[in-house]
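Which chain is which? The protein sequence lines are E and Y, in order. Sequential numbering from 7 applies to the first sequence in this note's numbering. Sequential numbering from 7 applies to the second sequence in this note's numbering.
2 protein chains.
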Amino acid sequence: MKFENPFIATPGPSHIPQFIFDAMNKNIHHRTAEFEEIFRYCVQNTAKFFGANQPSLIISGSGTSIMDAAVANTLSPDDKVIVLEFGKFSERFTKIATEYGCNIIRITSEYGTYPTVDLLATTLKKHPDTKAVFTCHSETSTGVLSPIADYARIISATNALFIVDSISSLSSTVIDQDRHGIDICLGVGHKGFMLPSGLAFVSLSGDKVWEALKKAQLPKFYINFIQESTSQIDGVSAWTPAIQLILGLKKTLDYYSERQINDIFESYQKTANYTHDRLQKLGLISVVQKGFDASPSVLAYYCDHVPKIITSMKEKGIIIANGQGSLHNKIFRIGNMGSVTLEMMTWILDNLEESIKDHR
Amino acid sequence: MKFENPFIATPGPSHIPQFIFDAMNKNIHHRTAEFEEIFRYCVQNTAKFFGANQPSLIISGSGTSIMDAAVANTLSPDDKVIVLEFGKFSERFTKIATEYGCNIIRITSEYGTYPTVDLLATTLKKHPDTKAVFTCHSETSTGVLSPIADYARIISATNALFIVDSISSLSSTVIDQDRHGIDICLGVGHKGFMLPSGLAFVSLSGDKVWEALKKAQLPKFYINFIQESTSQIDGVSAWTPAIQLILGLKKTLDYYSERQINDIFESYQKTANYTHDRLQKLGLISVVQKGFDASPSVLAYYCDHVPKIITSMKEKGIIIANGQGSLHNKIFRIGNMGSVTLEMMTWILDNLEESIKDHR
Numbered sequence: 007m008k009f010e011n012p013f014i015a016t017p018g019p020s021h022i023p024q025f026i027f028d029a030m031n032k033n034i035h036h037r038t039a040e041f042e043e044i045f046r047y048c049v050q051n052t053a054k055f056f057g058a059n060q061p062s063l064i065i066s067g068s069g070t071s072i073m074d075a076a077v078a079n080t081l082s083p084d085d086k087v088i089v090l091e092f093g094k095f096s097e098r099f100t101k102i103a104t105e106y107g108c109n110i111i112r113i114t115s116e117y118g119t120y121p122t123v124d125l126l127a128t129t130l131k132k133h134p135d136t137k138a139v140f141t142c143h144s145e146t147s148t149g150v151l152s153p154i155a156d157y158a159r160i161i162s163a164t165n166a167l168f169i170v171d172s173i174s175s176l177s178s179t180v181i182d183q184d185r186h187g188i189d190i191c192l193g194v195g196h197k198g199f200m201l202p203s204g205l206a207f208v209s210l211s212g213d214k215v216w217e218a219l220k221k222a223q224l225p226k227f228y229i230n231f232i233q234e235s236t237s238q239i240d241g242v243s244a245w246t247p248a249i250q251l252i253l254g255l256k257k258t259l260d261y262y263s264e265r266q267i268n269d270i271f272e273s274y275q276k277t278a279n280y281t282h283d284r285l286q287k288l289g290l291i292s293v294v295q296k297g298f299d300a301s302p303s304v305l306a307y308y309c310d311h312v313p314k315i316i317t318s319m320k321e322k323g324i325i326i327a328n329g330q331g332s333l334h335n336k337i338f339r340i341g342n343m344g345s346v347t348l349e350m351m352t353w354i355l356d357n358l359e360e361s362i363k364d365h366r
Numbered sequence: 007m008k009f010e011n012p013f014i015a016t017p018g019p020s021h022i023p024q025f026i027f028d029a030m031n032k033n034i035h036h037r038t039a040e041f042e043e044i045f046r047y048c049v050q051n052t053a054k055f056f057g058a059n060q061p062s063l064i065i066s067g068s069g070t071s072i073m074d075a076a077v078a079n080t081l082s083p084d085d086k087v088i089v090l091e092f093g094k095f096s097e098r099f100t101k102i103a104t105e106y107g108c109n110i111i112r113i114t115s116e117y118g119t120y121p122t123v124d125l126l127a128t129t130l131k132k133h134p135d136t137k138a139v140f141t142c143h144s145e146t147s148t149g150v151l152s153p154i155a156d157y158a159r160i161i162s163a164t165n166a167l168f169i170v171d172s173i174s175s176l177s178s179t180v181i182d183q184d185r186h187g188i189d190i191c192l193g194v195g196h197k198g199f200m201l202p203s204g205l206a207f208v209s210l211s212g213d214k215v216w217e218a219l220k221k222a223q224l225p226k227f228y229i230n231f232i233q234e235s236t237s238q239i240d241g242v243s244a245w246t247p248a249i250q251l252i253l254g255l256k257k258t259l260d261y262y263s264e265r266q267i268n269d270i271f272e273s274y275q276k277t278a279n280y281t282h283d284r285l286q287k288l289g290l291i292s293v294v295q296k297g298f299d300a301s302p303s304v305l306a307y308y309c310d311h312v313p314k315i316i317t318s319m320k321e322k323g324i325i326i327a328n329g330q331g332s333l334h335n336k337i338f339r340i341g342n343m344g345s346v347t348l349e350m351m352t353w354i355l356d357n358l359e360e361s362i363k364d365h366r
């Protein structure tokens, strides 16, 4: 079996299929009716993957650009916030809120786990003046999937906003933002949407978030959620959008639209289950500890000789990722998102098995 | 004569040649030696177009993202700044500095002109506590080219930084940042570099700017000039870069590297001169008033029936731009940047002449 070489099997940037490149290969000006129609289609249809009714916002930037903006657009200096930290990406919210002078309560949890819902509930009770709770859905650094629906149930009973980085879960995992009452969800193009990096998405849900946006005193200019919300619904962004990336996004949405959205999520889950089975049969240990949910899109496993195995895989034409921070060289990470199918994952794992056996 | 249809002849986003799309059509992971080498090549060679010795910073975002960041990275709340305003883009600095709570002195000048150097000198003398002066080089809304070398001479004798939006002049016009002592210049990929929109560049020059960056108290996270400066020189950006746009940038820089940089600037100037001659022979009036310099890259002319002429040009496969703000429907604008040659401009003007005559 042979797939595109090299095949990017990291948990993002994910592999870009040729049909995306082909869709981007077009000159079009953004201040034209033709492009505005494409833009409207994209903001409306991206929303479906968040489980949101109202259109998403499309921003030109990396995932960090909208994590930054989610703080600047909702808060004022000295506001009290809770960050549920359980990996490199959830920790980033603490760094951002620190830069903006917020009063931060960190609830930390060992890598491979997530903070319990009870601990969040107790902390919120102790701090009823909390303005926002930040966390990750799929923690790309550990492969843990946090219980955002349960967190949301607790948070929505308070005055705090719930702001979720769903960057690596978007389009591989059910989010159901509106139903669970998650105020803000964040996503990007270069994970499950299999686009070149450079596009980010913000999904706002419910009235609570709108009140917060209007009250927020922190300075922001480039990414202003209110400003973008009022114009993007008509297919116009405040600043020059990433035109060709949006043409690619249109193609991704068309590609996914041929299936029921729940079938899409189910197929990634099936591939994830298969991957866990095979890796565990090899005697490898998941970074996700027992009793905690694993992200379907990020598969993280402890392994010996990680750098050698990554190099060996690269020689076979498959790029997998190393661990980050304290997990560097201790784990590898594989992405199960975008164009990855069960057939492809089988091929990836056949090669990985060979690489691991070669270095035993 | 026939060129790619449609041909985007606006002052940005400019037309993307097929060889750029081809160069972007590649999967590569950014945390690899191969990509880091490309990134280093890009930061070093982009700098040449700013007339800077030190590498530029590459940011994923629109031009406004780095205009915003230029304020947030250099200033503290209540800092006094001067904005030289003479069009929609220079005015944007006032909006940004207002959002960040700066103390702003606006020096405004009629569209089609720019503030005099004498007025800047007098204002700086009256306000010796000015921390920064902001303006545009090529004002994309009017086609005026401001005398940044003369402004820089005055500003460099004070404690103020000089921060220039050279977004539409980059690679079509001499900037000479280091020689003139311009502290910060800003550029993007989708003007003279003929890339898809989504990439922005920051060029920092001299010691004065470094002292300011260290002192600046305004909050910023996504675009942090100090953080990016320390890592990008080694081919690594703080956040996921816009990988495929950077592959395109490498191609643009290769394309330009086959010629002497001054020959490139001269050829755009020659095309601009030819365009002015032809449009004036048609009896059209330049937005740029007599006695003021015109930008080689943005050609802006008053004209009757602008919407009809734009539509007629579109039917011929050529996209030109309307005016912005108070100049909407009063002027058209043509870009002379990136892949535009004298031969192409001749074809554009042949068609424009026809469209204008049809609507007389």
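Even for Gly, the Cβ is constructed at its ideal location relative to N, Cα and C.
Range of the contiguous beta strand (DSSP E) that encloses residue i
| i | result |
| --- | --- |
| R339(Y) | I337 to G341 |
| R112(Y) | N109 to T114 |
| V170(E) | L167 to D171 |
| F271(E) | Not the beta strand (DSSP E): F271(E) falls in the alpha helix (DSSP H), residues I267 to K287. |
| E105(Y) | Premise fails: E105(Y) lies in the alpha helix (DSSP H), K94 to E105, not in any beta strand (DSSP E). |
| A138(Y) | A138 to C142 |
Start-to-end residues for the alpha helix (DSSP H) that takes in residue i
| i | result |
| --- | --- |
| C48(E) | A39 to F56 |
| S66(E) | Counting along the chain, S66(E) falls outside any alpha helix (DSSP H), though it belongs to the beta strand (DSSP E) covering L63 to S66. |
| T164(Y) | Where T164(Y) is concerned, there is no enclosing alpha helix (DSSP H), given that its DSSP letter is neither H nor E. |
| A76(Y) | G69 to A78 |
| K257(Y) | I249 to S263 |
| K86(Y) | Run containing K86(Y): none in the alpha helix (DSSP H); it sits in the beta strand (DSSP E), K86 to E91. |
Within-8 Å CB hit, residue i to chain Y
| i | result |
| --- | --- |
| F27(E) | yes |
| T378(E) | Residue 378(E) cannot be examined here, being either before or after the span of chain E that is shown, 7 to 366. |
| H334(E) | no |
| N367(E) | There is no way to answer for residue 367(E), as the model of chain E reaches only from 7 to 366. |
| F227(E) | yes |
| Q250(E) | yes |
| P368(E) | This structure gives no information on residue 368(E), because the portion of chain E shown stretches from 7 to 366. |
| I315(E) | no |
| H196(E) | yes |
Length of the line joining the Cα atoms of residue i and residue j
| i | j | result |
| --- | --- | --- |
| M7(E) | W353(E) | Model confidence at M7(E) stands at a pLDDT of 48, short of 50, so the residue's coordinates are unreliable; what they give is reported in the following sentence. Rounded to whole angstroms, M7(E) to W353(E) spans 7 Å at the Cα level. |
| K256(E) | H196(Y) | 20 Å |
| T347(Y) | T277(Y) | 7 Å |
| P12(E) | I324(E) | 6 Å |
| I315(Y) | L288(Y) | 14 Å |
| W216(E) | R37(E) | 28 Å |
| S178(E) | G67(E) | 21 Å |
| I160(E) | K322(Y) | 60 Å |
| K132(E) | P17(E) | 37 Å |
Buried versus exposed, by CB contacts within 10 Å (16 or more), residue i
| i | result |
| --- | --- |
| D171(Y) | buried |
| G297(E) | exposed |
| Q286(E) | exposed |
| Q24(E) | exposed |
| G193(E) | buried |
| L425(Y) | Shown here, chain Y extends from 7 to 366; a query on residue 425(Y) therefore has no answer. |
| G329(E) | buried |
| G331(E) | exposed |
Closer than 8 Å to chain E by CB, residue i
| i | result |
| --- | --- |
| F338(Y) | no |
| K35(Y) | Checking the sequence shown, residue 35(Y) turns out to be His, not Lys. Yes, because at least one Cβ of chain E sits closer than 8 Å to the Cβ of H35(Y). |
| S144(Y) | no |
| M7(Y) | Model confidence at M7(Y) stands at a pLDDT of 48, short of 50, so the residue's coordinates are unreliable; what they give is reported in the following sentence. With 8 Å as the cut-off, M7(Y) does not count as an interface residue toward chain E. |
| P121(Y) | no |
| I102(Y) | yes |
| N31(Y) | yes |
Distance cut-off 7 Å: residue i Cβ against heavy atoms of the ligand SAH
| i | result |
| --- | --- |
| Y261(Y) | In the structure shown, the ligand SAH is absent, as is every other ligand, since no ligand is present at all. |
Sheet register partners of residue i (DSSP bridge)
| i | result |
| --- | --- |
| A327(E) | R339(E) |
| C191(Y) | V170(Y) and S209(Y) |
| S292(Y) | Y307(Y) |
| A127(Y) | Paired residues: none, contrary to the question. |
| Y117(Y) | T119(Y) |
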